[in-house]
Amino acid sequence: MNNIIDFIKKNGNPFETLELEMTADKKEIKSQYKELARKYHPDKNIHTKDRFLKIQKAYEFIVNNMSDIHKYVEHQKYRQKEQSKMSNEQKQYAEDLKRREQYAEKQKQQEEVVKQMKVNEEMNRLEEQRKFEENERKQKQEKMIQFELQNKDLYKRLNTIKIKWGKDQLYTVDLLNLLFKNYGAIQEIKVQDNKRKATITFHTTEAANNAVLQQNNGFLKIKYFLKQEKRQQVMKELQTEKEKINRNDQEVYQLSTDTLNRISHFYNKDSKINAGLEELKREQERLKLIKQIYEDELKQ
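For the working numbering, count along the sequence shown from 1 and bump the result up by 245.
Next up, the structure:
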């Protein structure tokens, strides 16, 4: 019967092709074949050639395999009969099995949905974390910019060097710029011709350090604008304030949202007053330091 099954898979049911039931006898098969052959013969209609060939192939297969076809038909009847005898328990079992398969498929779909929801939730969490970190960086940059603006006078003095030359020497702004520009970007050059002195202000402290360490020679005497002790004191003060800003940012970054909310809830007027007093105290110390630097400059 395998040849029948193979033929049906490749060419379709031959009895359906001849528009017959599989229980038809030889006489019915032959009569139906002749009628369909005349109807679809390519001499009458060239477009029905494929249909005619299919009918011819189906008829030849039936005629050559009649005994096997009868066995196949009897087997199909037997299967249908056995299926009709299936007990109620077997039917119930089949239905339960089908329901379990459907439930398992539904569970799988739900698990996929939950998995996708978790992925989306994690992506949202990472995006929120990225935004939070970006905001923290911006706030830190703003604090640093504000800090440097508040202390720009101190930074200017840290980044400034003093130059002195002999009576037989002459240095102009252009010449000094040519000599010192390789150490870093220059912000300002002031020359006092009558005193044979000049000051050069760089944009960075590193450039000023390089100029003092590397440029000293027999023609120029180069010093820091501030005395060494005062310079170290200023640098230490500024570094301490910078570290404090970084430390505060890190502490805030490590706190959770709930903790920040609780802190905000208990943040009372007294704490605000104390914070204001601390800020005022730091500003007074900064102004005192600047005043002392001015006084030292006047004495020089």
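Glycine is no exception: its CB is placed at the ideal position from the N, C-alpha and C atoms. Since the structure is predicted, the reported quantities are computational estimates derived from the model, not experimental observations.
* **alpha helix (DSSP H) runs wholly inside the stretch 304 to 391, at least 4 long, in chain order** => 311 to 329
* Asked: Going by alpha carbons, who is nearest to Asn-491 out of Gln-386, Gln-437, Tyr-400?
  -> It is Gln-386.
* Counting Cβ pairs, one atom from each stretch, are 3 or more of them under 8 Å apart for the stretch 252 to 260 and the stretch 293 to 311? -> yes
* Please determine, among Asn-396, Leu-281, Arg-345, the residue with the shortest C-alpha to C-alpha distance to Arg-296. => The candidate whose alpha carbon is nearest that of Arg-296 is Leu-281.
* Pick out whichever of Ile-274, Ala-452, Glu-474 has its Cα sitting closest to the Cα of Leu-424. => Ala-452
* **Residues near His-286 by beta carbon distance below 7 Å, same chain, minus five either side** => Around His-286: Phe-297.
* Asked: Cα separation between Leu-399 and Val-479?
  -> 7 Å
* To do: Specify the secondary structure class of Glu-496 as computed by DSSP and reduced to three states.
  => At Glu-496, the pLDDT of 48 sits below 50, so the modelled position is not reliable; the number obtained from the coordinates is stated separately. Note: Glu-496 maps to helix in three-state DSSP.
* Which of the three DSSP states, helix, strand or coil, is assigned to Ala-430? -> coil
* Any idea which residues DSSP pairs Tyr-469 with across the strands? -> Ile-406
* To do: Compute the Euclidean distance between the alpha carbons of Tyr-428 and Leu-458, then round it to the nearest angstrom.
  => 10 Å
* Which residues bound the alpha helix (DSSP H) around Ala-282? -> 271 to 285
* **Assigned secondary structure, Phe-447 (DSSP; H/G/I helix, E/B strand, else coil)** => strand
* Asked: Secondary structure at Lys-254, three-state DSSP: helix, strand or coil?
  -> helix
* Asked: Secondary structure at Gln-414, three-state DSSP: helix, strand or coil?
  -> Coil at Gln-414, not helix or strand.
* Alpha-carbon spacing of Lys-360 relative to Ala-269, whole angstroms -> 58 Å
* Three-state secondary structure (DSSP) at Lys-294? -> helix
* **Contact belief for Phe-392 with Glu-486 at Cβ below 8 Å, rounded distance in angstroms** => 6 Å
* Under the three-state reduction of DSSP, which class applies to Lys-435: helix, strand or coil? -> strand
* Asked: Is the CB-CB distance between Arg-441 and Lys-412 below 9 Å?
  -> yes
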